[in-house]
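This report refers to the structure that appears directly beneath it.
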Amino acid sequence: MGDELSGTAWTVVELSGEPTQEPRPQVRFGEDGRVSGTTGVNRLIGTYAVDADGLLDLKGATTLMAGPEAAMRQESALLRAIGAPVPFTLSADRLELAAPDGSVGVVLVPAAGDPVLV
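Whatever position you read off the sequence shown (first residue = 1), add 255 for the working numbering.
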C-alpha cells in the first residue's frame, strides 16, 4: 500500500466523545490493503484505502454474533463511524477519525502487545 497506516494496529479508546468499554474494538491495517479486527463483539475483515483526498475508506464485513446490549451499542456506533470514507489525522500515538460534523468521532491508540486480531 505504501500509506502511513500500513502495518499498524490500533485500539479504539473513544467513540463520539465517550470512552469505549471492554472489550475494546481493535483494528489492524495490513501492508496488503486488508483490514482486520474486532468490534468488541464481532470480527471485522475487509479492505482499506486512503484516497487522493486523504480520506480513509474501509470496506468490510463482520461476523453476526450477539453480545451484551452495551457492547452491541458500541459496535453499532463504530460501524456507523467507519461506514463511509472519513478524514483522519495520524500521529505516533493517536489515530483520529472525523465525525460528519468535523469533530473527532473515533480515537484510536496503538494496540499494546500482540493484539488478538484476525
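We treat Cβ as the ideally placed atom computed from N, Cα and C, and that holds for glycine.
On a predicted model such as this, the values are computed, not experimentally measured, just so you know.
Tell me, please, which residues DSSP counts as bridged to residue i.
i: Leu299; result: Gly292, Thr317
Comparing alpha-carbon positions, which option in the options lies nearest residue i?
i: Leu311; options: Ser358, Leu270, Leu350; result: Leu350
i: Pro280; options: Thr344, Asp287, Ile337; result: Ile337
i: Thr318; options: Gly301, Arg283, Val359, Val305; result: Gly301
i: Glu286; options: Gly309, Ala353, Met320, Tyr303; result: Tyr303
Quick check on DSSP: helix, strand or coil for residue i?
i: Ala347; result: coil
i: Leu333; result: helix
i: Glu259; result: coil
i: Glu324; result: helix
i: Asp312; result: strand
Please classify residue i as buried or exposed, where buried requires at least 16 neighbouring CB atoms within 10 angstroms.
i: Gly295; result: buried
i: Leu260; result: buried
i: Ala307; result: exposed
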